[in-house]
Amino acid sequence: MPEGHTIHRLAADHQERFGGRQVRASSPQGKFSDGAALLDRRVMTGAEAHGKHLFLGFGDTGWVHVHLGLIGKFGFGDGPTPPPTDTVRLRIATSAHYADLRGPAACALITEPEKRAIHDRLGPDPLRPGDDPDRVYTRIARSRISVAALLLDQKVIAGVGNVYRAEVLFRHGVDPFLAGRDLPRPVWDAMWADLVALMREGVRTNRIDTVRPEHEPAAMGRPPRVDDHGGEVYVYRRTGQPCLVCGTAVRTRPLDARNLFWCPRCQA
DNA sequence: TAAGTATGTTAAG
DNA sequence: TTAACCTACTTAC
């Protein structure tokens, strides 16, 4: 489930429920027992996101660094904690709320310098206020790598995943295989502004919707799209189906072990 | 019951 | 380039 919008939403959700409060911490599954023991009965001092990385602050004790990977998930609940299931890596709870973390790629207690090192290897994030699209463009403009590959490189730009990649390329009519050095500056500026708007909307709604009103199913006389990622999109996972704008069959091809989706006509 | 898939990343070969 | 990892859900046998 996790692209950058998910992680920023999780930071806000943790801040709202646990920020400034003393929490109980445990690792029912056992793989984070030592870390959880150090956090138990401490105050969560803040929650922060950079790209797909989540940081939960615990004052001088340090930070919990969480990366959900492909399958990690948080589940929130209100009221007293129910008995945990055996896959819960980390449970954080007050008397009013609890959060259960399952299946993360990373869940570790780290120091402030270790946290800084993680920030240093991540590119600008459309959801971090003040992050600089010029820095991203500088890297894109001197690369022979495809724009599609560059958008998934977290050192270049942080937080974009497979859905936002496919959708932002479609919305700007960009051929995914275009070399970064051939992407015009004005197109990049528009793509960044669009990512900022789309991902902010994603944080608000907790899903990815990229289809403009005039192409929505209701406006086109089609039934609403039902898909388990839960949003309206132009090309992501619509292989073989007609493009919502021109009707051409949407194509897919593996690129660096990820599925890339695009419309060969709108993105020529 | 087993296999396949997924909005991701890292390490080994 | 391939495999491995973490979980849950769907599909195939």
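With the first letter of the first sequence counted as 1, position 136 gets the number 431 in the numbering used here; the numbers rise by one all the way through.
Backbone N, C-alpha and C define an ideal beta-carbon position, used for all residues, glycine too.
Bridge-paired residues (DSSP) for I366: Per DSSP, none; premise fails for I366.
For I413, which residues does DSSP report across the bridge? BP columns for I413 are empty, so no partner.
Element boundaries [alpha helix (DSSP H), containing G497]: 480-500
By the 10 Å Cβ neighbour count, where 16 or more other Cβ atoms means buried, how is Q562 classified, buried or exposed? When all chains shown are included, Q562 counts as buried.
Please classify K347 as buried or exposed, where buried requires at least 16 neighbouring CB atoms within 10 angstroms. buried
What's the call for R480, buried or exposed, on a 16-neighbour Cβ count within 10 Å? Exposed is the label assigned to R480, since fewer than 16 other Cβ atoms lie within 10 Å of its Cβ.
Look up Y432 in the DSSP assignment and say whether it is helix, strand or coil. The answer is helix: DSSP assigns Y432 an H, G or I state.
Do you know how far the Cα of V491 is from the Cα of G535? 29 Å
E343 - containing beta strand (DSSP E), residue span: 341-345
Three Cβ pairs or more, each shorter than 8 Å: is that satisfied between the region 380-395 and the region 435-455? Proximity of the region 380-395 to the region 435-455 falls short of the contact definition, fewer than three beta-carbon pairs being nearer than 8 Å.
Going by DSSP in three states, T505 sits in which element: helix, strand or coil? Residue state, collapsed to three classes: coil.
Span of the beta strand (DSSP E) around R397: Looking at the DSSP string, the run of the beta strand (DSSP E) that includes R397 is 392-397.
Rounded separation between A306 and H345 - CA only: Cα-Cα distance, rounded: 10 Å.
Between the CA atoms of G299 and D335 - distance to the nearest angstrom: 28 Å
Range of the contiguous alpha helix (DSSP H) that encloses H309: 299-313
Identify whether D426 lies in helix, strand or coil by the three-state DSSP scheme. coil
Pair within 7 Å by beta-carbon distance, A388 and R319: yes
L539 - DSSP class collapsed to helix/strand/coil: In the structure shown, L539 falls within a coil segment according to DSSP collapsed to helix, strand and coil.
Between the CA atoms of P375 and F350 - distance to the nearest angstrom: Distance between the alpha carbons of F350 and P375 is about 25 Å.
In chain order, what residues of the same chain have a beta carbon less than 8 Å from the beta carbon of Y511, not counting five sequence neighbours either side? The question names Tyr, but residue 511 is Glu in the sequence shown. Contacts found: E527.
Please report the residue range of the alpha helix (DSSP H) in which P512 lies. Secondary structure note for P512: its alpha helix (DSSP H) is the uninterrupted segment 512-515.
Considering Cα atoms alone, identify which of F313, P549, H309 is closest to N457. Looking at F313, P549, H309, the one whose alpha-carbon comes closest to that of N457 is P549.
For R439, which of helix, strand or coil comes out of DSSP? coil
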